[in-house]
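What follows is a set of notes on a single structure, which appears directly below.
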Amino acid sequence: MSTKNFKDVEVWVNVAISDADYCDNSFSGEKSVVLQKNEAFRQLCNNVLAVVKALPPHGKE
1 MSTKNFKDVE VWVNVAISDA DYCDNSFSGE KSVVLQKNEA FRQLCNNVLA VVKALPPHGK
61 E
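In the UniProt record's numbering, the protein residues as written are 1 to 61.
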(Lines of atoms letter the chains of each structure in order from A and count residues from 1; the text may use other names and numbers.)
(Lines give C-alpha, C1' and ligand atoms only; values in the text may rest on other atoms or scores of the structure.)
Protein backbone atom coordinates (compact mmCIF):
# COMPACT_ATOMS: atom_id res chain seq x y z
CA MET A 1 0.00 0.00 0.00
CA SER A 2 1.44 3.38 -0.93
CA THR A 3 1.70 6.40 1.33
CA LYS A 4 -1.10 8.00 -0.70
CA ASN A 5 -3.38 5.08 0.15
CA PHE A 6 -2.65 5.53 3.85
CA LYS A 7 -3.58 9.19 3.55
CA ASP A 8 -6.78 8.23 1.72
CA VAL A 9 -7.68 5.84 4.54
CA GLU A 10 -7.09 8.61 7.08
CA VAL A 11 -9.30 11.02 5.12
CA TRP A 12 -12.17 8.56 4.73
CA VAL A 13 -12.05 7.39 8.35
CA ASN A 14 -12.07 11.01 9.54
CA VAL A 15 -15.07 11.67 7.28
CA ALA A 16 -16.82 8.67 8.84
CA ILE A 17 -16.13 10.07 12.32
CA SER A 18 -17.51 13.46 11.26
CA ASP A 19 -20.64 11.78 9.90
CA ALA A 20 -21.16 9.99 13.23
CA ASP A 21 -20.74 13.32 15.05
CA TYR A 22 -23.29 14.94 12.74
CA CYS A 23 -25.70 12.08 13.40
CA ASP A 24 -25.21 12.47 17.17
CA ASN A 25 -25.98 16.17 16.94
CA SER A 26 -29.30 15.29 15.31
CA PHE A 27 -30.26 13.45 18.50
CA SER A 28 -29.27 16.35 20.76
CA GLY A 29 -30.97 15.99 24.13
CA GLU A 30 -32.51 12.60 23.28
CA LYS A 31 -31.57 9.10 24.31
CA SER A 32 -30.95 6.76 21.42
CA VAL A 33 -29.24 3.45 20.81
CA VAL A 34 -27.67 5.18 17.81
CA LEU A 35 -25.61 7.35 20.17
CA GLN A 36 -24.15 4.25 21.83
CA LYS A 37 -23.47 2.61 18.48
CA ASN A 38 -21.80 5.77 17.19
CA GLU A 39 -19.52 5.87 20.24
CA ALA A 40 -18.39 2.30 19.57
CA PHE A 41 -18.00 3.18 15.88
CA ARG A 42 -15.82 6.20 16.72
CA GLN A 43 -13.62 4.03 18.94
CA LEU A 44 -13.13 1.57 16.09
CA CYS A 45 -12.35 4.42 13.70
CA ASN A 46 -9.79 5.82 16.12
CA ASN A 47 -8.20 2.36 16.32
CA VAL A 48 -7.94 2.31 12.52
CA LEU A 49 -6.32 5.75 12.54
CA ALA A 50 -3.83 4.66 15.21
CA VAL A 51 -2.85 1.57 13.19
CA VAL A 52 -2.49 3.53 9.95
CA LYS A 53 -0.33 6.15 11.65
CA ALA A 54 1.84 3.47 13.29
CA LEU A 55 2.58 1.69 10.01
CA PRO A 56 5.75 2.69 8.23
CA PRO A 57 5.20 4.32 4.84
CA HIS A 58 5.48 1.96 1.88
CA GLY A 59 5.68 2.47 -1.82
CA LYS A 60 5.67 5.71 -3.72
CA GLU A 61 3.79 8.88 -2.91
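For each residue, glycine too, the CB sits at the ideal point set by N, CA and C.
- Shown here for Val34: same chain residues with a beta carbon closer than 7 angstroms to its own, the five before and five after excluded, namely Cys23 and Phe27 in chain order.
- Counting every other CB atom within 10 Å of its CB across the protein chains shown gives Ala54 a total below 16, marking it as exposed.
- In this structure, Val13 sits near Val48, with a CB-CB distance shorter than 8 angstroms.
- Apart from sequence neighbours up to five positions away, the residues of its chain that approach Cys45 with a beta-carbon distance below 7 angstroms are Val13, Ala16 and Ile17, ordered along the chain.
- Contact between Ala20 and Phe41 holds, with the beta-carbon distance rounding to 5 angstroms and staying under 8 angstroms.
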